[in-house]
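Before any comments, here is the structure.
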Amino acid sequence: MRRYIYLFLIVVLLAGLLVLPLTKAQAAGSVTGADMISLMNSWRSGYWSNALIEDSALDQCAQWTAEEMAGMGAGG
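Under this note's numbering, think of the first position of the sequence shown as 15, with each following residue one higher.
Structural data, given as structure tokens:
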């Protein structure tokens, strides 16, 4: 009986290893901020909302924050 429990635990541990990713996923990086704003504006226009306006100070802050998070590995 004890042998079956050990075998079961080994199988569960090996199955758990199959779920773990081997490398971190990386974005292609082909989407720009303007692309995202255009996408959101098209979505918002479907709901009769005001269009988003690009702000360079906000863009710089968002870029800095994204780079800091990437440097810390905080992306998940």
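We put the CB at the ideal spot given by N, CA and C, even for glycine.
Rounded Cβ spacing between residue i and residue j (contact assumed at less than 8 Å)
i     : j     : result
ILE51 : LEU34 : Wrong, their Cβ atoms sit about 36 Å apart, outside the cutoff.
Among the options, nearest to residue i - alpha-carbon criterion
i     : options                    : result
ASP69 : LEU21, GLY30, ALA48, LEU32 : ALA48
GLY87 : GLN74, ASP73, LYS38, THR46 : LYS38
Start and end residues, alpha helix (DSSP H) containing residue i
i     : result
MET83 : 70 to 86
ASN55 : 47 to 59
GLY30 : 16 to 33
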